[in-house]
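Residue numbers (our numbering), protein chains in the order written: chain U, 1 to 304; chain E, 305 to 608.
A virtual CB, placed ideally from N, CA and C, is assigned to each residue, including glycine.
Just so we're clear, the structure is a prediction, and the values are computed from it rather than from any experiment.
Protein chains: 2
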Amino acid sequence: MELRHLRYFVAVADEGHFTRAAAQLGIGQPPLSLQIQQLERELGTSLFKRLPRGVVLTDAGRAFAQDARRILRDVEQASEHARRVASGELGRIRVGMINSAPFHPLIPQVIREFRRRYPDVAFSLEERTTPGLVAAVRGDAVDVAFVRPIHGSDDGLSIETVIDEDMLVALPSGHPLAHRASISLLALSIEPFVLFSRAVGAGLHDEIVAACRVAGFSPRVVQEASQVTSIVNLVASGLGVSILPASMQHMHTDGVTFRPITRPVPKARLSLIWRHEDRDAPQLVRLRELIRELAPAPRRQRRA
Amino acid sequence: MELRHLRYFVAVADEGHFTRAAAQLGIGQPPLSLQIQQLERELGTSLFKRLPRGVVLTDAGRAFAQDARRILRDVEQASEHARRVASGELGRIRVGMINSAPFHPLIPQVIREFRRRYPDVAFSLEERTTPGLVAAVRGDAVDVAFVRPIHGSDDGLSIETVIDEDMLVALPSGHPLAHRASISLLALSIEPFVLFSRAVGAGLHDEIVAACRVAGFSPRVVQEASQVTSIVNLVASGLGVSILPASMQHMHTDGVTFRPITRPVPKARLSLIWRHEDRDAPQLVRLRELIRELAPAPRRQRRA
DNA sequence: CACTCTCATACGTCCAATATATGAATCAGT
DNA sequence: ACTGATTCATATATTGGACGTATGAGAGTG
């Protein structure tokens with residue numbers, strides 16, 4: 001049996017007339033008769049009662065017509081379904097991000113817009129540290145992740161910079177430097193620092209330490225934290241100063257004052273990573289398109 | 305798209321390997337590749353990722369594989385469904401019968417056995433008078449009916465005698481004739497009669513009246529009733545005597561005594577009628593087979 | 001009875017599914 | 001790096017079956 005048989009059968013059932021059904025199908029009446037006979041032979045029962053004028057369905061024909069119509073509809077839907085999955089309209093995407101990512105307005109905006117445009121894509125979100133995210137992407141626990149700069153091998157992963165923002169100095173509000181418009185790193189040389197622990201935030205940790213070295217000193221770290229939100233709170237409690245991505249200003253915590261850094265300004269990069277072999281996965285392509293569309297002008301770099 | 309494409313696609317998806325799938329399908333690998341390509345072209349998306357060793361499904365392929373498997377199963381089921389409907393295993397049958405039919409043991413037996421054998425045939429039962437049943441069959445309100453003899457045209461209907469039983473005299477229990485072993489009709493000539501009303505039970509009514517005429521008298525009808533059960537009760541209450549199908553003995557009503565009639569014995573025929581055009585409807589054929597199988601030896605007659 | 005309508009049958013044609021042969025790409029092993 | 005094996009893709013030939021044309025059969029209809 002082929003779908004042709006079902007299509008022809010349904011046409012005859014609808015028309016109640018071989019000749020008209022054949023015309024509607026764009027074939028001749030004799031081949032249509034043959035195809036229906038073939039179907040009846042295969043089912044072992046006649047589907048139509050042949051009358052002097054036209055035909056009517058038998059009981060078996062009526063039963064089969066219902067099924068045939070449903071099957072033809074299902075075939076259409078299956079095609080459409082496959083097309084939608086292929087186009088990325090349907091499916092799932094598992095996104096990972098570091099703790100600090102949602103503080104930059106672009107990230108929630110991207111997520112919101114993605115869910116609006118592709119409501120049939122199951123969207124899951126997970127928060128981990130950068131090394132945890134790299135492992136999660138590698139191990140196929142998430143499909144893509146927003147991470148801070150990665151050290152070490154990234155073979156098998158593709159990476160693309162999404163945001164490259166300035167870092168700011170975060171001071172306890174009562175701090176003597178808090179009234180200055182901007183602060184040079186050197187001015188912080190004697191301050192106690194609260195920093196990312198190197199184990200989980202190596203990228204930004206190293207960026208900050210390197211910037212301080214360039215300014216001529218080595219920061220005195222009195223406390224490490226693995227979450228950027230913890231750092232803000234530790235600064236607020238007066239434990240020390242820190243250097244944080246500009247977007248962390250949006251955390252609105254009392255007791256912390258942010259101030260720009262005089263040049264050279266250390267940068268906080270936020271990048272998207274994914275498995276290179278999945279580069280053409282449609283939802284991934286859609287997400288990258290969307291980021292490119294919504295991201296501010298600053299040219300992002302990309303490497304394989 | 306044809307079912308061939310789905311069958312081939314599922315085979316490749318199962319095997320993860322074109323060459324092996326082709327062998328399993330009993331065709332060569334190149335035609336299989338072409339058919340899959342054709343399917344992919346129609347869907348506008350690739351279904352497999354071709355690897356150095358074998359192939360794996362893409363996301364769209366995985367989605368389509370589920371649908372394709374379901375569709376192929378549905379096609380199988382639709383065939384089976386049609387076959388079952390055609391064989392009479394599945395469907396419905398609407399049966400009508402007169403009030404007196406269930407008193408003959410054959411009728412409940414036939415109904416019980418039919419439902420046991422064909423549990424997937426929806427069975428409905430309706431009780432009417434003989435003329436009402438003839439109209440119901442004609443008007444397609446029921447498919448088949450057990451009726452008493454019909455007068456008048458029966459064109460378009462087929463009829464087959466199911467039971468041809470003797471009639472008995474029904475007397476009030478205290479009646480002087482009740483002690484006799486058998487009774488001649490002539491002995492009833494002066495008795496008041498309770499009979500079927502001619503309007504609804506013309507067949508038996510006329511049979512009885514004719515038998516009396518042959519015996520040499522015309523029965524004095526004091527009461528008519530349209531239901532055989534009512535007649536039994538009227539006789540029990542002493543209103544008169546009646547002549548009833550032998551099977552009515554099974555009604556076990558106190559106050560009524562049944563006695564055989566000396567020859568010639570009037571007969572009560574119970575017949576099955578159906579629309580002639582539906583003679584080949586499978587459930588109808590099954591029911592007639594069953595009756596023939598369970599009916600006692602007496603040869604039944606049949607006319608078109 | 002002639003005529004029409006409709007589906008079935010007979011037979012020829014042609015396309016498309018299949019077979020055969022070969023190519024291209026990748027990988028394993030020497 | 002080269003060779004051979006594996007596997008899917010491509011090219012060309014073959015053939016079965018779907019389709020078209022012509023005609024028949026049966027049942028109304030005027």
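Check: Cutoff 7 Å; reference E/Thr349; Cβ partners in own chain excluding five residues on either side; Outcome: Ala364
Check: Interface flag, U/His81 vs chain E, CB-CB below 8 Å; Outcome: yes
Check: Beta-carbon gap between U/Ala136 and U/Ala145 smaller than 8 Å; Outcome: yes
Check: Check: U/Pro102 C-beta below 7 Å from any heavy atom of the ligand ATP; Outcome: You won't find the ligand ATP in this model; it holds no ligand whatsoever.
Check: U/Ala304 (DSSP reduced to helix, strand or coil); Outcome: With a pLDDT of 43 at U/Ala304, under the threshold of 50, the modelled position of this residue cannot be trusted; read the value that follows with caution. In this structure, U/Ala304 counts as coil in the three-state DSSP scheme.
Check: 7 Å CB neighbourhood of E/Ser546 in its chain, flanking five on each side removed; Outcome: Ala474, Phe497, Val498, Leu499, Ile535 and Val539
Check: Within-8 Å CB hit, U/Val222 to chain E; Outcome: no
Check: Residue-chain proximity (U/Leu3, chain E), Cβ-Cβ < 8 Å; Outcome: yes
Check: Amino acids of chain U, ordered along the chain, whose beta-carbon sits closer than 7 Å to that of E/Val446; Outcome: The premise fails here: E/Val446 is roughly 16 Å from chain U at the closest Cβ pair, so nothing lies under 7 Å.
Check: Chain U residues whose Cβ lies nearer than 9 Å to that of E/Leu492; Outcome: By Cβ distance, chain U contributes nothing, its closest Cβ being about 50 Å from E/Leu492, past 9 Å.
Check: Inter-stretch contact (C-beta, 8 Å, three-pair minimum) for the segment 565–572 of chain E and the segment 370–389 of chain E; Outcome: no
Check: Span of the beta strand (DSSP E) around E/Asp584; Outcome: Neither: E/Asp584 is in no beta strand (DSSP E) and is coded neither H nor E.
Check: Simplified DSSP assignment, three categories, for U/Ser46; Outcome: coil
Check: Local Cβ density within 10 Å of U/Ala304, reported as buried at 16 or more and exposed below that; Outcome: With a pLDDT of 43 at U/Ala304, under the threshold of 50, the modelled position of that residue is not reliable, and the figure given next carries that caveat. Exposed, because fewer than 16 other Cβ atoms sit within 10 Å of the Cβ of U/Ala304.
Check: Neighbour flag for U/Thr229 against chain E, beta carbons, 8 Å; Outcome: no
Check: Bridge-paired residues (DSSP) for U/Gly91; Outcome: U/Val121
Check: Within 7 Å of chain U by C-beta, residues of the segment 386–417 of chain E in sequence order; Outcome: Ala386, Arg387, Val389, Ala390 and Gly395
Check: Neighbourhood of U/Pro245 by C-beta, 7 Å cutoff - its chain only, sequence neighbours within 5 removed; Outcome: Ser100, Glu165, Met167 and Ala268
Check: Reduced DSSP secondary structure (H/G/I, E/B, other) of U/Met251; Outcome: helix
Check: For E/Arg524, the three-state DSSP class (helix, strand or coil); Outcome: strand
Check: U/Ile183, DSSP secondary structure in three states; Outcome: strand
Check: Range of the contiguous alpha helix (DSSP H) that encloses E/Ile535; Outcome: Val532 to Ala540
Check: Between the CA atoms of E/Ala325 and U/Ala281 - distance to the nearest angstrom; Outcome: 26 Å
Check: As assigned by DSSP and simplified to three states, the class of U/Ser158; Outcome: strand
Check: CB contact below 8 Å: U/Val75 versus chain E; Outcome: yes
Check: Limits of the beta strand (DSSP E) - the one that E/Phe562 falls within; Outcome: Val560 to Pro564
Check: Residue-chain proximity (E/Leu347, chain U), Cβ-Cβ < 8 Å; Outcome: yes
Check: Minimum C-alpha distance to U/Ser87 - residue among U/Pro52, U/Trp274, U/Ile291 and U/Leu284; Outcome: U/Leu284
Check: Short CB-CB distance (under 8 Å) between E/Phe368 and chain U; Outcome: yes
Check: Proximity winner among E/Val569, E/Ser337, E/Pro570 and E/Ala599, relative to E/Leu576 (alpha-carbon distances); Outcome: E/Ala599
Check: Straight-line Cα distance separating U/Phe114 from E/Lys353; Outcome: 26 Å
Check: Backbone CA spacing between E/Arg590 and E/Ser383 [nearest angstrom]; Outcome: 21 Å
Check: Close-in-space but distant-in-sequence residues of the same chain around E/Leu347 (CB under 8 Å, 5 per side omitted); Outcome: Ala364 and Phe368
Check: Beta-carbon contacts of E/Pro435 that lie in its chain and below 7 Å, excluding the five residues immediately before and after; Outcome: Val504
Check: Bridge-paired residues (DSSP) for U/Gly96; Outcome: U/Glu126 and U/Ala145
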